[in-house]
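Residues -26 to -1, 1 to 109 (mature numbering (1 follows the signal peptide of the UniProt record, and there is no 0)) make up the sequence shown, in order. Working notes, beginning with the structure itself.
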Amino acid sequence: MRRRGSVLAATIVAVALAGCSGGVLAGGTAHGACEAPTLTVSPETAAPGETVDLTGAGWTVCNDTPNDPSGEAAWREVTVELRQDGASRVLGTAPIEDGRLDTEVTVPADARPGFALLVVGRTDATYTVGLTIED
């Protein structure tokens, strides 16, 4: 009886570990879970008319599914928006090169002091980072 319990426990552990390991999905080439892109703003506080740097990495297609839902082969360009007090304004677009984002955006001259979100992405996925707008 003790041996049967050990075999059962070993089987459960093996099945659990197999579920965590990378593998190829039917029609895909995945080898593990995808991580979300990173996004940072520097400086984190800026006045209207000043520029801030947006940087990030990991802006690539996740191959954990057979097909990218957007139908695109890779992230090539993202839209950058400023959202504050329920209003949204497009600040521009930025290229993605080798999965990296590196761009500058200017805080609009009429932005109000307080907290705002910079929203970066495309129609199927967006990511945000906070920005404090000062007087």
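Beta carbons: idealized from backbone N, C-alpha and C, even for Gly.
What do you get for E71, buried or exposed, if any count of 16 or more other CB atoms within 10 angstroms of its CB means buried? As a first step, residue 71 is located in the sequence shown; it is residue number 97 there, counting from the start. By the neighbour-count rule (16 or more Cβ atoms within 10 Å), E71 is not buried but exposed.
Would you call the stretch 11 to 21 in contact with the stretch 56 to 67, where contact means no fewer than 3 C-beta pairs closer than 8 Å? Note that the stretch 11 to 21 does not touch the stretch 56 to 67; fewer than 3 beta-carbon pairs, one per stretch, sit closer than 8 Å.
Proximal residues to V64 (C-beta, below 8 Å), its chain only, five neighbours per side dropped: Locating residue 64 in the sequence shown gives position 90, counting from the first residue. Result list for V64: T53, V54 and E55, in chain order.
DSSP three-state assignment for A90, whether helix, strand or coil: Along the sequence shown, one-based indexing puts residue 90 at 116. Looking at A90 - three-state DSSP - the assignment turns out to be strand.
Which runs of the alpha helix (DSSP H) at least 4 residues long sit entirely within the stretch 21 to 82? Give them in chain order. DSSP runs (the alpha helix (DSSP H)) wholly in the stretch 21 to 82: none.
Distance check for C36 and residue 111, CA to CA, integer angstroms please. What the structure shows of the chain is the stretch from -26 to 109, and residue 111 is not part of that stretch, so it cannot be assessed.
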